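Numbering (my numbering), first residue to last: 21 to 458. In this text, a Cβ means the ideal position worked out from N, Cα and C, and glycines have one as well. Computed from a prediction, not measured in an experiment: that's the story for all the values here. This report concerns only the one structure given below.
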């Protein structure tokens, strides 16, 4: 999309940074002489960053990234643009940097936005060492390039965790969840914590989207050789069979309705346990100044995969092909992924993309809502390997997750739900492929 505009902007792109000339001894005191190019102030540059499919607030961007960047590179001013990427591409004015979750990278690929950074990371003055990142976090990005291209670098990641309301447990006299539970053990807890009190319906646990379960087993969902989805199969059937008993607990589904949003846990406080991304719930609590008697446990796991949970929610930053300030955009990304900034974002509640355990162990240390919480127990669960990235994964995942409603209400059996999801996915893929040929 907008390939001509992208090509034109790429031709116009020029390095905005003055060259870093080597100094030489200039006088008896050994002071370093600098060329006029070295001493000349850099021209002010305004960079824009577009985040997509992320929960990071404007405040976090400013305090954790943009203000420190300004202090490091005074000539760079960074601004946020939350406009939909498709609209931005259509306008011909796409931001310099994109920041996206792994599950939505295909949006930028389809728009022909990602720029190959493989040569830039070898910058002798500002290199990016790919070995510094945690392996699952960098591997999926490397796999995006078929010929050694590098379309971005990791910035942060996320893990699923089990959040629980201690007040509801105390009300029923039920012991708190333990790290290392199985889904079967969680089902029994949910039964004990689903009840009515003072005309209020409490629910022990409402399952997350089905792809959280399938993601734990790294189930492929698309076959490129046939251009078909891989949903109507026994492995996905077993996932829905595991989830169904949670909905069958009396009181979980009432009048064909069941809670699916964080408000039921954070605001209404009628759900005892909630599985969600580790960084998202604390960030929402802090942003909303929510006080709650809660704690965190490691995600439950399958009996045949103890201690393993869904693949990490990995996020990357990359440079757009149309950026007129690629060198400055690279400097910003290199700074954002440096230990200096990664320590800050990690302590601020965004899990570092770096493998350095001395940084990781301080996750959330600057967040009041995480003081005294079982962070290390939540992080001890091993994330599964990510499924191969593909542009149709989001379509297929969405349709698989859509089976939850029929599963919860009992309006359709599992075989029908999977067959219909498979057919809808195949139809959507065929239409997308046909559109490419027009």
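Sorting 411, 435, 74 by C-alpha distance to the C-alpha of residue 248 places 411 at the top. The C-alpha of residue 208 is placed about 42 Å away from the C-alpha of residue 245.
Distance from the Cα of residue 237 is smallest, within the candidate group 187, 258, 181, for 258. Under DSSP, residue 329 takes part in a beta bridge, and its partners are 403. Counting along the chain, the unbroken alpha helix (DSSP H) around residue 305 starts and ends at 300-307. Annotation: residue 89 to residue 196 spans about 43 Å, alpha carbon to alpha carbon. In the three-state DSSP reduction, residue 117 falls in the strand class (E or B).
Per DSSP, the continuous alpha helix (DSSP H) segment holding residue 453 begins and ends at 434-456. For residue 297, no alpha helix (DSSP H) encloses it; the enclosing beta strand (DSSP E) starts and ends at 291-297.
Contact annotation, residue 150 with residue 373: C-beta distance approximately 11 Å; criterion of less than 8 Å not satisfied. A Cβ-Cβ distance of about 5 Å is found for the pair residue 445 and residue 419, placing them in contact under the 8 Å criterion. In terms of Cβ geometry, residue 121 and residue 160 do not form a close pair [threshold 7 Å]. Here residue 249 is bridged, per DSSP, to 242. In the three-state reduction of the DSSP assignment, residue 315 falls in the strand class. Assignment of residue 102 by DSSP, reduced to helix, strand and coil, places it in the coil class.
The alpha-carbon separation between residue 392 and residue 378 amounts to approximately 19 Å.
Looking from the CA of residue 223, the closest CA among 264, 369, 182, 188 belongs to 188.
Judged by DSSP secondary structure, residue 69 falls within the beta strand (DSSP E) whose first and last residues are 65-72. Secondary structure at residue 277: strand, using DSSP grouped into helix, strand and coil.
Between residue 348 and residue 96, the gap from beta carbon to beta carbon is short of 7 Å. Shown here, residue 225 sits in a strand according to DSSP, grouped into three states.
The beta carbons of residue 437 and residue 319 sit no closer together than 7 Å.
Within the DSSP bridge table, the entry for residue 202 names 321 as partners. In this structure, DSSP gives residue 126 a helical state, which the three-state scheme calls helix. A direct Cα-Cα distance of roughly 21 Å separates residue 362 from residue 402. For residue 220, the number of other beta carbons within 10 angstroms of its own is below 16, and it is reported as exposed. Check the Cα spacing between residue 332 and each of 352, 324, 298: the tightest is with 298.
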